[in-house]
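Let me begin by presenting the structure, written as structure tokens, before commenting on it.
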Amino acid sequence: MAMATDFDANYLLEQFHKKMKKYEGVGGDGCVLWGREGVGGRGENEPARESYGRVMIYFSKVDKSQRRSFGIHQVAYLYFNGLFQIPPGCEISHLCGRKRCINKHHLVAEPHLTNMARLHCHNNGHCTGGHEPQCVFP
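Each residue of the sequence shown is one higher than the one before, starting from 526 at the first, in our numbering.
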């Protein structure tokens, strides 16, 4: 996820910080959840499922048409690590397996295959190993 080259970095961080304070909810399991958990069902009869949190980021205070929606876990990782780009060849993975978690200790940048291995761990209920750091089970 690369950010636009012409933007006000302080404004981006200010937006995220305000949004984080507004929507942040702490779970009793160490996860910090963004927004409402369980939103994202596709119809009245389908149960809600946990979906990735999204945030709209404006690249300029002046031109509000310069905006883009990002996964909140991606923005949180960049924010907590003082970065403006996810490392090449990596994606942001949740050690805890919870899509709305923005706990800085639960987010890591790693290759797609490692991220998928974590999904396998969480589907099985235990860490199958072979990757560091180990998965977190809230």
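Quick reminder that beta carbons are idealized off the backbone N, C-alpha and C, glycines included. All of these numbers come straight from a predicted model, not from anything done at the bench.
Under 8 Å between C-beta atoms of Ala642 and Ile611: no
7 Å Cβ shell around Leu632 - same chain, five flanking residues per side excluded: His598, Ala601, Tyr602, Ile617 and His619
Pairwise C-alpha distance: Glu539 and Cys660: 31 Å
Per-residue DSSP class, three states only, for Ile597: helix
Cβ shell of Asn559 (< 6 Å), same chain only, five flanking positions each side left out: What sits at residue 559 in the sequence shown is Trp, not Asn. So the qualifying residues of the chain are Tyr548, Gly578, Ile597, Arg625 and Ile627.
Range covered by the alpha helix (DSSP H) that runs through Leu638: His637 to Asn649
For Ile611: DSSP bridge partner residues: Beta-bridge pairing links Ile611 to no other residue.
Distance CB(Pro663)-CB(Gly555) smaller than 8 Å: yes
Among Phe605, Asn606 and Met581, the one whose alpha carbon lies nearest that of Ser594: Met581
Nearest candidate by alpha-carbon position, reference Cys615, set Lys589, Asn535, Asn640 and Asn606: Asn640
CA-to-CA distance, Ser576 to Asn648, given in whole angstroms: 16 Å
Beta-carbon contacts of His645 that lie in its chain and below 6 Å, excluding the five residues immediately before and after: none
Nearest-angstrom Cα separation, counted from Leu638 out to Gly655: 11 Å
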